[in-house]
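Chemist: According to the UniProt record's numbering, the sequence shown holds residues 1 to 762 in order.
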Amino acid sequence: MRTPTSTYRLQITADFDLFAAASRLPYLRDLGADWVYLSPLLAAEPGSQHGYDVVAHDHIDESRGGAEGLAALSAAARELGMGVLVDIVPNHVGVATPAADAWWWDLLQHGQDSEHASAFDIDWTVGDGKIQIPVVGDGDEDAIVVADGEVRYHDQRFPLAPGTTTHDEQHYRLVNWHEADDNLNYRRFFAVNTLAAVRVEDPAVFEETHREIRRWFDEGLVDGLRVDHPDGLRDPQGYLDDLADLTGGAYVLVEKILEPGEALPASWATSGTTGYDALAHVDRVLTDPAGEAPLDALETRLRGDAVDWPAMIHATKREVADGILHSEVKRIVRDLRRHLPLVPAHRAEDAVGELLACFPVYRSYLPEGRHHLDEAFALARSHRPDLDETFDVLLPWLSDPDLAAAKRFQQTSGMVMAKGVEDCAFYRWSRLTSLNEVGGDPSVFALDVDGFHAAMVDRQASWPAAMTTLSTHDTKRGEDVRARITALAELPEEWATALDRLLELVPLPDPGFGSLLWQAIVGAWPASPHPDYRSRLHAYAEKAMREAGDRTTWTEPDDDYEAAVHAAVDAAFDSPAVATVLAGLVELLAWPGWSNALAAKLVSITMPGVPDVYQGSELWEQSLVDPDNRRPVDFDLRASALARASSGRLTDSVDDDGLAKLLVTHRALALRRDRPELFTTYAGIAATGPAADHVLAFDRGGAVTVATRLPVGLAERGGWGSTTLALPEGVWTDVITGRTVSDRLDDILATHPVALLVREDA
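(1) Does the beta-carbon of residue 112 have 16 or more other beta-carbons within 10 angstroms, so that it is buried, or is it exposed?
(2) Can you tell which of 526, 72, 79, 152 has its C-alpha closest to the C-alpha of residue 98?
(3) Which runs of the alpha helix (DSSP H) fall wholly inside the region 495 to 529 and span at least 4 residues, in chain order?
(4) Going by C-alpha distance, which of 702, 661, 691, 564 is nearest residue 681?
(5) In the DSSP output, which residue or residues are listed as bridge partners for residue 196?
(6) Which class does residue 2 belong to by DSSP, given the choice of helix, strand or coil?
(7) Please name the residue in 540, 491, 275, 755 whose C-alpha comes closest to that of residue 716.
(8) Quick check on DSSP: helix, strand or coil for residue 374?
(9) Along the beta strand (DSSP E) that carries residue 410, what are the first and last residues, could you check?
(10) DSSP has residue 391 in a bridge; who is on the other side?
(11) Around the Cβ of residue 486, are there at least 16 other Cβ atoms within 10 angstroms (buried) or fewer (exposed)?
(12) Use the C-beta contact count for residue 454: other C-beta atoms within 10 angstroms, 16 or more gives buried, fewer gives exposed.
(13) What are the complete alpha helix (DSSP H) segments, minimum 4 residues, inside the region 295 to 349?
(14) Between residue 18 and residue 64, is the Cβ-Cβ spacing less than 8 Å?
(15) Tell me the residue span of the beta strand (DSSP E) that contains residue 698.
(16) Please classify residue 104: is it buried, with 16 or more other beta-carbons within 10 angstroms of its beta-carbon, or exposed?
(17) Using only CA atoms, which one of 333, 393, 353 lies nearest to residue 380?
(18) Cβ of residue 187 within 8 Å of Cβ of residue 138?
(19) Between 176, 365, 524, which lies nearest to residue 262 when the distance is taken from Cα to Cα?
(20) Along the chain, where does the beta strand (DSSP E) that runs through residue 671 open and close?
(21) Taking C-beta to C-beta, are residue 241 and residue 269 nearer than 8 Å?
(22) Using the Cα positions of residue 477 and residue 89, report the straight-line distance between them to the nearest angstrom.
(23) Using a Cβ distance threshold of 8 Å, determine whether the region 275 to 287 contacts the region 313 to 326, with at least three qualifying pairs required.
(24) Sorted by chain position, which residues of the same chain lie with C-beta nearer than 7 Å to residue 124's C-beta, five sequence neighbours on each side aside?
(25) Taking Cβ to Cβ, would you say residue 444 is nearer than 8 Å to residue 622?
(26) For residue 255, does the count of other Cβ atoms within 10 angstroms reach 16, so buried, or fall short, so exposed?
(27) Should residue 416 go down as buried or exposed, given a rule of 16 or more other Cβ atoms within 10 Å for buried?
(28) By a C-beta neighbour count over all protein chains shown, 10 Å radius and 16 as the cutoff for buried, is residue 68 buried or exposed?
(29) By how many angstroms is the C-alpha of residue 4 removed from the C-alpha of residue 253?
(30) Does residue 554 pass the burial test, meaning 16 or more other C-beta atoms within 10 Å, or should it be called exposed?
(31) Between 34, 16, 76, which has its C-alpha nearest residue 62's C-alpha?
(32) Any contact of the region 496 to 510 with the region 611 to 628, i.e. 3+ C-beta pairs under 8 Å?
(33) Determine the DSSP secondary structure at residue 625, reduced to helix, strand or coil.
(34) Return the residue from the list 274, 66, 87 that minimises the CA-CA distance to residue 11.
(35) Does the Cβ-Cβ distance between residue 70 and residue 29 come in under 8 Å?
(36) Is the beta carbon of residue 267 closer than 8 Å to that of residue 471?
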């Protein structure tokens, strides 16, 4: 198996296709990247900007460059000695435009007699044997018409079954959109009605959905894969075994979210996760634990009561199980009915919903992870003793790894977790929002240096080729937004004072949400004006408050509440008084945020694992949640900046357009690629002296990373003083600056808040 030393993620779109990506590979190589990492390539919904809504598995999206585009990119990569990693989507397909997905169109036209019926996860026992398609608006049933040999609903088109003339005769029924919550009979990706799940556990379906992917490996075009959402699959382990057979054991990563303390199943045929667990470690080792109590107090004051995180996520997960994913709960119970005929359906649904709300991780993989299921039952019993007898009945059936209901329960628990926690609770708790990130637990505030070292020793031993990352197409806040927000943990009193003033100048109905909003604004505030910045913040505000779902929602927006939130965004640009407060905050946070950003970047690139640089993040990455973080990247600017940074023409100013970050990224990536023998082990390095707590240092087997942590406290104590680092014997050079350094931290970090050291005789 060929394994990368690093990757660089590119979002492939119609506007930045495979040919355009191929033309940028020389820059990626110059930067130091080893492999190029591509977003999904298979044919997707018309106009899709992300590619996760695949509509055909037998060819690459023509708008993204088609087969010729991949051939050109692969050839360019081979010429440069680079590998190719591609994101694939095995769990679901896009069905928003039925005519674009030949399988879905055929299914709607022929129902259970369709040659593709077995590809979809449909319960034909409900809905009178018809697929329920929730697209009809309230009171808009009259808009369903038959015209030109099709069923039409406004601009949506659906097929007619042979020999039929009316909507009522079809194998599907267009129903009110509210029906999705309770009466949908096809499995989806989370609660997205336009993404229908496919049954890749069926060997024939696996073969058909991986036909083009097989060609990539047969023809040597691709070297590795990233598997999207494996938790949605019926049997992730079996799927990965099948994938290993197809690829010849190629390098494969899984987009798996691990809760604190949870381990990836060792039996899986994968090199590890896509790095959210690593991201959580990096962010927390740079967070000041002393900020927890004062920020807790601020959050309590803003919300009128202390936030109980376990209680909050239990409530949000239960809302999801009883709401947008109740169709899935009902289907689990239908699968169970033959085993518990004496338990009323509504009682079984209540119990299953409670178990899903109490599940401590995304899912189990029975028989692996049985202890997670036992923990869920124990917690559910404590919450709902009135359901104790029902839990007794459910336990043996949901514990049976061969039972359909148990398998479906496993597929569903991750959906409930994602929608209830990441896409809801993360927007309801604003104590320190740099911690509200995919793969992290916001209640875990900080990680000390010893804890970080222990985690890295384990990572090096168990998953040395797993990915590390700081930003992805799914992160809630870009890495440098989080780095600046992280500095608030060192400045809680100043933050509280400034926030109070902002809420006084622009009152908000929910001050707690106001804290989340102002953290995003301050964290992403640009060093120089951007013409689209106001619209980007408005889009973020809308998504954040509707995802929170406690004051306004996507389906039932509260116009008055939303107007107040948008008024706050406008005030950031239009109110001189607000601008003064913001300017003060940015001035206070910019330098420590810059230090945190460089520290996070160097640590993420040099820690155990395969580092990924998300497109554009070699300069400042101040994007917010998608689709903001999928905006086009100016590669000409970056290529020019790399030439300047490499020549040493940069300053230490936070307004330097990120040249210092680019230099750190470049030198670290190049060293990992060109000197892999220096990155084969892991050992923490201790510091001695008055500022010892302000450094994170480790030896990877010849390359030593040195990174400043808690920079505000370091400045307040007057700098490093006599603090030294216990470097191994030898003469050490910082590859970032080219300087030979001593063991004194004021010498090692005299130029930048980070250093990457190599012994001269190494």
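Even glycine gets a Cβ: it sits at the ideal position worked out from N, Cα and C.
Modeler: The answer reads as follows:
(1) exposed
(2) That would be 152, whose Cα lies nearest to the Cα of residue 98.
(3) Fully enclosed alpha helix (DSSP H) runs of 4 or longer: 511 to 524.
(4) The residue among 702, 661, 691, 564 with its C-alpha nearest the C-alpha of residue 681 is 702.
(5) According to DSSP, residue 196 bridges with 93, 188.
(6) coil
(7) Nearest of 540, 491, 275, 755 to residue 716, Cα basis: 491.
(8) helix
(9) Element bounds for residue 410: not the beta strand (DSSP E) but the alpha helix (DSSP H), 404 to 417.
(10) For residue 391, which the question treats as bridged, DSSP gives no partner whatsoever.
(11) Counting Cβ neighbours within 10 Å, residue 486 comes out buried, since at least 16 surround it.
(12) exposed
(13) 309 to 322, 326 to 336
(14) yes
(15) 695 to 699
(16) buried
(17) 353
(18) Cβ atoms of residue 187 and residue 138: not closer than 8 Å.
(19) 365
(20) No beta strand (DSSP E) contains residue 671, which is instead part of the alpha helix (DSSP H) from 659 to 674.
(21) yes
(22) 24 Å
(23) no
(24) 112
(25) no
(26) buried
(27) Buried, since its Cβ has 16 or more Cβ neighbours within 10 Å.
(28) exposed
(29) Cα to Cα, the separation comes out at about 12 Å.
(30) exposed
(31) Residue 16 is the option with its Cα nearest to residue 62.
(32) no
(33) Judged by DSSP in its simplified three-state form, residue 625 adopts coil rather than helix or strand.
(34) 87
(35) no
(36) no
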